[in-house]
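Since the structure comes first, as structure tokens, the remarks are kept for the end.
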Amino acid sequence: MDLYAEEILDHYKHPRHFGHLDNPTLTYHDTNPFCGDEINLELRIEDDHVVDVAFTGQGCAISRAAASMMSEEIIGMSLDELKEWDKDNILDLLGIEVGPVRIKCALLPLKALKAAVWGLGEDDTVTR
Amino acid sequence: MDLYAEEILDHYKHPRHFGHLDNPTLTYHDTNPFCGDEINLELRIEDDHVVDVAFTGQGCAISRAAASMMSEEIIGMSLDELKEWDKDNILDLLGIEVGPVRIKCALLPLKALKAAVWGLGEDDTVTR
Amino acid sequence: MPTATMTPIPNTQYLDVHALRADFPILHRRVHDKPLVYLDSAASSQKPQAVLDAMERYYETTHANVHRGVHTLSEEATVQYEAARARVADFIGACCPKEVIWTRNATEAINLVAYSWGRANLRRGDRILLTEMEHHANLVPWQILAAETSVDLDFVPIADNGTLILDDPDRLLTPRTRLFAFTAMSNVLGTINPVKELTAAAHRAGALVLVDGAQSVPHMPVNVQELDIDFLAFSAHKMLGPTGIGALWGRRELLNAMPPFMGGGDMIREVHLRESTWNELPWKFEAGTPAIAEAIGFGAAVDYLDAIGMDTVHRHEQEITAYAMQKLSEVEGLKILGPGPEQRGGLVSFILGDVHPHDIAGVLDSMGIAIRAGHHCAQPLHERYGIPASARASFYIYNTEAEIDLLVAGLHKVVEFFSY
Amino acid sequence: MPTATMTPIPNTQYLDVHALRADFPILHRRVHDKPLVYLDSAASSQKPQAVLDAMERYYETTHANVHRGVHTLSEEATVQYEAARARVADFIGACCPKEVIWTRNATEAINLVAYSWGRANLRRGDRILLTEMEHHANLVPWQILAAETSVDLDFVPIADNGTLILDDPDRLLTPRTRLFAFTAMSNVLGTINPVKELTAAAHRAGALVLVDGAQSVPHMPVNVQELDIDFLAFSAHKMLGPTGIGALWGRRELLNAMPPFMGGGDMIREVHLRESTWNELPWKFEAGTPAIAEAIGFGAAVDYLDAIGMDTVHRHEQEITAYAMQKLSEVEGLKILGPGPEQRGGLVSFILGDVHPHDIAGVLDSMGIAIRAGHHCAQPLHERYGIPASARASFYIYNTEAEIDLLVAGLHKVVEFFSY
Ligand SMILES: Cc1ncc(COP(=O)(O)O)c(C=O)c1O
Ligand SMILES: Cc1ncc(COP(=O)(O)O)c(C=O)c1O
Chain H
1 MDLYAEEILD HYKHPRHFGH LDNPTLTYHD TNPFCGDEIN LELRIEDDHV VDVAFTGQGC
61 AISRAAASMM SEEIIGMSLD ELKEWDKDNI LDLLGIEVGP VRIKCALLPL KALKAAVWGL
121 GEDDTVTR
Chain G
129 MDLYAEEILD HYKHPRHFGH LDNPTLTYHD TNPFCGDEIN LELRIEDDHV VDVAFTGQGC
189 AISRAAASMM SEEIIGMSLD ELKEWDKDNI LDLLGIEVGP VRIKCALLPL KALKAAVWGL
249 GEDDTVTR
Chain S
257 MPTATMTPIP NTQYLDVHAL RADFPILHRR VHDKPLVYLD SAASSQKPQA VLDAMERYYE
317 TTHANVHRGV HTLSEEATVQ YEAARARVAD FIGACCPKEV IWTRNATEAI NLVAYSWGRA
377 NLRRGDRILL TEMEHHANLV PWQILAAETS VDLDFVPIAD NGTLILDDPD RLLTPRTRLF
437 AFTAMSNVLG TINPVKELTA AAHRAGALVL VDGAQSVPHM PVNVQELDID FLAFSAHKML
497 GPTGIGALWG RRELLNAMPP FMGGGDMIRE VHLRESTWNE LPWKFEAGTP AIAEAIGFGA
557 AVDYLDAIGM DTVHRHEQEI TAYAMQKLSE VEGLKILGPG PEQRGGLVSF ILGDVHPHDI
617 AGVLDSMGIA IRAGHHCAQP LHERYGIPAS ARASFYIYNT EAEIDLLVAG LHKVVEFFSY
Chain B
677 MPTATMTPIP NTQYLDVHAL RADFPILHRR VHDKPLVYLD SAASSQKPQA VLDAMERYYE
737 TTHANVHRGV HTLSEEATVQ YEAARARVAD FIGACCPKEV IWTRNATEAI NLVAYSWGRA
797 NLRRGDRILL TEMEHHANLV PWQILAAETS VDLDFVPIAD NGTLILDDPD RLLTPRTRLF
857 AFTAMSNVLG TINPVKELTA AAHRAGALVL VDGAQSVPHM PVNVQELDID FLAFSAHKML
917 GPTGIGALWG RRELLNAMPP FMGGGDMIRE VHLRESTWNE LPWKFEAGTP AIAEAIGFGA
977 AVDYLDAIGM DTVHRHEQEI TAYAMQKLSE VEGLKILGPG PEQRGGLVSF ILGDVHPHDI
1037 AGVLDSMGIA IRAGHHCAQP LHERYGIPAS ARASFYIYNT EAEIDLLVAG LHKVVEFFSY
């Protein structure tokens, strides 16, 4: 039952940063229609750095744990650092082998994060 | 070399009734585009009976032998008898096993014959 | 009809499953060090050795391209290939082999009708009737056609119990309805639809009937002449056969009147640079080198099923299903979708509290149990029930009640595992 | 380039054919009590044991439906299935796996472009350029499209020696020419066309290029990026792979811009009752359960060819072909179609006095020698040469010069046999 390691189950049952921010700088909503997964990601950015984060949505344990772990990890990081992130960062956080089908679940939070930070960059509305 | 029994080769090299009739009652032209085979069949009908027959065309040994053998056989037969003919009559004449692909060659003369005599029947222009 | 109160026995009363399982090499495999419990046959069935052998033997002794070759291998390949068509035609009670057109799968069979019959026959304002329980295969081709031809789509709604609501057939089957396309059995709800009655209603209204038989042909007797339908689509891979082949059956007069779908070798009579004429049925609809080995494998699959008898297959599955429904209903928080066992084929879809179906399937997988989770290519159906996904266990001839017991034990573990 | 004067040796200098023949079970078969001499690979090649084993192993240990399943079998099947795509993409030098779309065969690949790209992009008055040497697969789909869209077809003529006449490219490649679709190698004449030059000319004129690679991909190195073409169609069964699978390669931007062809499961992103959105490449074009085992077999075939090296394959065939042309030209009354050995791939078509090609093939068959006779799905080409049919001997990696000697001996018998 590797896929459901102790830590993943813990994040699933007690997701960190689950909920809403009062005044998010960035929000991004994404879905994985294949699974019916959904995520709503909110970031508070100050001086090009993540100062707070929250998420809601429905999804399987893998996607929820990934969102929870990612949220903990990215606080304090700069947007430039986040733009460097790729799937290995998420898989390292999860610390499990994810097959080709469930990888979509694991990467949904990352997809939302990347869209949020790159979307910002493209609009050139970075900082606060 | 069953397919090319002595008799078939003989009919191929010396086809009987090859050529044209002076005043055919019925003529029918048919092709097998798959092989590029062609036959032109001419019948002289008197009193509902075949009194003479001729054919031309190009084709493989099987189809030419079939046309030659068939021509010999049908002289003297009535149209009603010919309408009863089916592929077994031709295969009996040829006296060989013909596979699913070359059967099209073997049956081209019969196809022309059937079309000729039934076509006649349908037009109700039977007898001379 | 098996009742819901019977006690578990290793085999059903209809089939010696244990003997038969020896024919399926994959069933001896272990997954995560547990014996494989394969409960995903509605997605794709496993294959008996006889089917694999038929294809292997073909490649090792006979293979050549069909129809065009004069040499021995080609003639033998042609005979085997066309004999398989005759076998499949016979299996569904078709009048004759030429009514059976090989396709890649059921999906292509439906697309063939949409492209060929649809584009030749439908005009703006015409209507196609579908149901809310269709697999995407019997929905998306009609959406694409509708967008192109300005044809309208209507949908038979589903009751909460998973059966079609057709008490007002005249409203849905309008004078402009040209086709009623529906599944004989839902791949999510398990519902077996009353094909004969639905067909009669459609014909009264002047509409043709296409039946998606992807789930019915593998699991119960299907006779196209008795049902009086017009088109039937099905796939080999769901009925012990290989991937890469399926079939469209259609009534001769309809198929004869339809223009070809794809162009190429074999489907032509004469080709010139600027125009061509078409071959006769069934080849008019089969362009290019066909799936020869797969057709032969399909024939062998149908032989295997015929030896068991489709009545027996159906009864075995109904017994397994009734047993499964009874046992599953005892799992805390589990809700079964669809009708009771008497109206359904061999599958049970369910949700389990707020555990995501992927997690149910994930935990079961770690116990060697393969079930499916997701929307099963029937998103609108899930929308209808207000759920994003469901879990599905589906059964075939090789499944036993002992495997159901393992599934249920696994689900109890899932509940425990994800409880807060 | 092998010269026409070399002496026969059991193997060519490039390939240890005798060792390699042990990999092909069917080559040990006897036909009419003679060892099989298989000279019909251009119609369909034989399969090495490694390809059959890959498919058998898949069915016996891994089979499940791909993409949708969370359980182990489905994940493993998905990995193997997509790995095969990556292998094939690599084999033709594609930038990435997503540019490779599985089809049933080369024919379907061309039809896919005609249906999807053609209907979305062509308007009355637009022109498509083909050649007079096309296989029906690269002719009939365009005829069907032309009839529907009022697009015009033009044809590059062929010289008597079997090469394309393109000295006036601007006349044929008009400003309205949107597509130039041609074969990389004629399946009758053997002509290898100058793909790179033809492509450059088409691109200068603003036309896209579709290459029918059914005969080139199996027999010589093909790199789509080097050739700079836009679409490539080919079939597994002609290159040691199974029946039932082929591929369309296309440039990403083009494929991305094209509407889907068939509708159904797997090709969608979201489905609602009345509208849907499409999946990304390559799946957008793959509706329904794909030919999973066949894709895996295709991957194994490509592995086998890669281990030999396509340069070696090509050189071996050219040597065999040069030898065959020299020997065949000694047969009384035999006339070879097409260009000299330096411009052709591994096949020789011919006519023999007024002996019908079917009879040539029929007599050779009785000696265990399999060649093809007919129009080889290229009727207009035969019309061009004023002949109804021809006989064709085609070669692959497993053919030897000793087999050519048997063919030639057989042809001498044919002459004798049918002489008056
Ligand atoms: C040049 C050429 N194009 C296309 C095809 C069609 O291939 P398939 O029948 O596998 O679709 C063939 C083979 O028959 C061919 O030789
Ligand atoms: C009801 C139904 N229709 C159609 C299909 C499509 O079958 P295939 O993917 O083999 O084309 C399926 C299976 O996935 C099905 O369950």
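Protein chains in written order, with the working numbering: chain H, 1 to 128; chain G, 129 to 256; chain S, 257 to 676; chain B, 677 to 1096.
Beta carbons are placed, not taken as given, at the ideal position from N, Cα and C, and that holds for glycine.
Tell me whether N32/H sits in a helix, a strand or coil according to DSSP, three-state version.
Reading the first sequence from its first residue, position 32 is the one you call residue 32/H. Of the three classes helix, strand and coil, the one that applies to N32/H here is strand, per DSSP.
Which residues in the same chain have their Cβ closer than 6 angstroms to the Cβ of N781/B, if we skip the five residues on either side of it in sequence?
The sequence position of residue 781/B within the fourth sequence is 105, counting from 1. Cβ within range, chain order: S911, G922.
With a threshold of 6 angstroms, establish whether the CB of D426/S neighbours any heavy atom of ligand 2.
Mapped onto the third sequence, residue 426/S falls at position 170. Not so, every heavy atom of ligand 2 lies at least 6 angstroms from the Cβ.
Out of H668/S, E672/S, F651/S, Y676/S, state which residue places its alpha-carbon closest to the alpha-carbon of G446/S.
Here residue 446/S is taken as the residue at index 190 of the third sequence, counted from 1. Cα-wise, what sits closest to G446/S is F651/S.
Specify the secondary structure class of K723/B as computed by DSSP and reduced to three states.
Residue 723/B sits at position 47 when you count from the first residue of the fourth sequence. Three-state DSSP puts K723/B in coil, outside helix and strand.
Can you tell me whether DSSP reads L715/B as helix, strand or coil?
Start at 1 with the first residue of the fourth sequence, and residue 715/B comes out as number 39. It is coil, neither helix nor strand.
Are the C-beta of K141/G and some C-beta of chain B separated by less than 7 angstroms?
The count along the second sequence starts at 1 and reaches residue 141/G at position 13. Cβ-Cβ to chain B under 7 angstroms: yes for K141/G.
Any heavy atom of ligand 2 closer than 6 angstroms to the Cβ of G491/S?
Position 235 of the third sequence, counting from 1, holds the residue named residue 491/S. Note that residue 491/S corresponds to Ser in the displayed sequence, not to Gly. It does: the Cβ of S491/S is within 6 angstroms (strictly closer) of some heavy atom of ligand 2.
Can you tell which of E536/S, L496/S, L529/S has the C-alpha that lies nearest to the C-alpha of L511/S?
Taking the third sequence and counting its residues from 1, one reaches residue 511/S at position 255. The alpha carbon of L511/S has as its nearest neighbour, out of E536/S, L496/S, L529/S, the alpha carbon of E536/S.
Should H391/S be counted as a contact of ligand 2 given a C-beta to heavy atom distance under 6 angstroms?
Translated into the one-based positions of the third sequence, residue 391/S becomes position 135. Remark: the C-beta of H391/S is in contact range of ligand 2, defined as less than 6 angstroms to any heavy atom.
How is T259/S classed by DSSP in three states: helix, strand or coil?
Along the third sequence, one-based indexing puts residue 259/S at 3. The pLDDT assigned to T259/S is 39, lower than 50, so where the model puts this residue is not dependable, and the model offers no usable value.
What are the residues of the stretch 92-115 of chain H that lie near chain B, defined by any Cβ-Cβ distance shorter than 8 angstroms?
G99, P100, V101, R102
Could you check how far apart the C-beta atoms of L435/S and A463/S are, in whole angstroms? I think they sit under 8 angstroms.
Locating residue 435/S in the third sequence gives position 179, counting from the first residue. Locating residue 463/S in the third sequence gives position 207, counting from the first residue. The pair is a contact, with the Cβ atoms about 6 angstroms apart (cut-off 8 angstroms).
Check the Cβ-Cβ distances between L3/H and every residue of chain B, and say whether any is below 7 angstroms.
Along the first sequence, read from residue 1 onward, the residue named residue 3/H stands at position 3. Proximity of L3/H to chain B, defined by a Cβ-Cβ separation below 7 angstroms, is not satisfied.
Kindly list the residues whose CB is nearer than 7 angstroms to the CB of A333/S, restricted to its own chain and excluding five residues on each side of it in sequence; keep chain order.
Your numbering for residue 333/S matches position 77 in the third sequence. Excluding positions up to five away in sequence, the list reads T318, H319, A320, V322, I548.
Check the Cβ of P817/B against every Cβ in chain S and list those closer than 9 angstroms, keeping chain order.
Locating residue 817/B in the fourth sequence gives position 141, where the first residue counts as 1. Those within 9 angstroms of P817/B in chain S are M518, G519, G520, A543.
Report yes or no: is there a C-beta of chain G within less than 7 angstroms of the C-beta of D906/B?
The count along the fourth sequence starts at 1 and reaches residue 906/B at position 230. No, no contact with chain G.
Measure the C-alpha to C-alpha separation of A647/S and H1034/B and round it to an integer number of angstroms.
One-based indexing of the third sequence puts residue 647/S at position 391. One-based indexing of the fourth sequence puts residue 1034/B at position 358. If you take the alpha carbons of A647/S and H1034/B, they lie about 58 angstroms apart.
H49/H lies in the beta strand (DSSP E); which residues open and close that run?
Residue mapping note: residue 49/H aligns to position 49 of the first sequence, counting from 1. Counting along the chain, the beta strand (DSSP E) containing H49/H begins and ends at 49-56.
Taking just the CA atoms, how far does L113/H sit from D124/H?
For the purposes of this step, residue 124/H is taken as residue 124 along the first sequence, with counting starting at 1. For the purposes of this step, residue 113/H is taken as residue 113 along the first sequence, with counting starting at 1. At D124/H the pLDDT is 31, less than 50, meaning the model places this residue with poor confidence; the figure from the coordinates comes in the next sentence. Distance between the alpha carbons of D124/H and L113/H is about 17 angstroms.
Listing by chain order, which chain H residues have their CB less than 7 angstroms from the CB of T754/B?
The sequence position of residue 754/B within the fourth sequence is 78, counting from 1. Under the 7 angstroms cutoff, chain H gives P100, V101.
Going by alpha carbons, who is nearest to A54/H out of I8/H, A61/H, I74/H, G36/H?
Here residue 54/H is taken as the residue at index 54 of the first sequence, counted from 1. Looking at the Cα atoms, I74/H is the closest of the given residues.
Chain S partners of G59/H, CB-CB under 8 angstroms?
Taking the first residue of the first sequence as 1, we reach residue 59/H at position 59. Neighbours of G59/H on chain S, chain order: H612.
Once DSSP output is grouped into helix, strand and coil, what is the label at N655/S?
Along the third sequence, read from residue 1 onward, the residue named residue 655/S stands at position 399. Coil.
List the residues of chain G whose Cβ lies closer than 8 angstroms to the Cβ of S330/S, in chain order.
Within the third sequence, the letter at position 74 stands for residue 330/S. Correct list: V229.
What residue range is occupied by the uninterrupted beta strand (DSSP E) comprising L603/S?
For this step, residue 603/S is matched to residue 347 along the third sequence. Run containing L603/S: 603-608, per the beta strand (DSSP E) assignment.
Report the CB separation of V50/H from G76/H in whole angstroms; it is logged as a contact under 8 angstroms.
For the purposes of this step, residue 50/H is taken as the residue at position 50 of the first sequence. For the purposes of this step, residue 76/H is taken as the residue at position 76 of the first sequence. With 8 angstroms as the limit, V50/H and G76/H qualify as a contact, their Cβ atoms being about 7 angstroms apart.
My assumption, with CB atoms under 8 angstroms, is that A718/B sits in contact with Q891/B. Please give the rounded CB distance.
If you number the fourth sequence from 1, residue 718/B lands on position 42. If you number the fourth sequence from 1, residue 891/B lands on position 215. Rounded, the Cβ-Cβ distance is 6 angstroms, consistent with contact.
I need the straight-line Cα distance from Q269/S to A645/S, nearest angstrom please.
Position 13 of the third sequence holds residue 269/S. Position 389 of the third sequence holds residue 645/S. Those two C-alpha atoms are separated by around 34 angstroms.
Can you find a CB in chain G that lies within less than 7 angstroms of the CB of D1103/B?
Because chain B is modelled from 677 through 1096, residue 1103/B falls outside the range shown and cannot be assessed.
In angstroms, rounded to a whole number, what distance separates the CA positions of D522/S and C1053/B?
The count along the third sequence starts at 1 and reaches residue 522/S at position 266. The count along the fourth sequence starts at 1 and reaches residue 1053/B at position 377. Straight-line Cα distance between these residues: approximately 8 angstroms.
Whose CA, out of I660/S, Y654/S, E598/S, lies closest to the CA of N417/S?
Counting from 1 along the third sequence, the entry for residue 417/S is found at position 161. Nearest to N417/S by C-alpha distance, out of I660/S, Y654/S, E598/S, is E598/S.
Report buried or exposed for Q574/S, applying the criterion of at least 16 other Cβ atoms within 10 angstroms of its Cβ.
Mapped onto the third sequence, residue 574/S falls at position 318. Flag for Q574/S reads buried.
Determine the chain H residues that contact D615/S at a beta-carbon separation under 7 angstroms, and present them in chain order.
Reading the third sequence from its first residue, position 359 is the one you call residue 615/S. By Cβ distance, chain H contributes C60, A61.
Taking 7 angstroms as the CB-CB limit, is R285/S close to chain B?
Locating residue 285/S in the third sequence gives position 29, counting from the first residue. Output row for R285/S: interface = yes.
For a cutoff of 7 angstroms on Cβ pairs, would you count S152/G as touching chain S?
Residue 152/G sits at position 24 when you count from the first residue of the second sequence. The question names Ser, yet the displayed sequence has Pro at residue 152/G. No, because no Cβ of chain S sits closer than 7 angstroms to the Cβ of P152/G.
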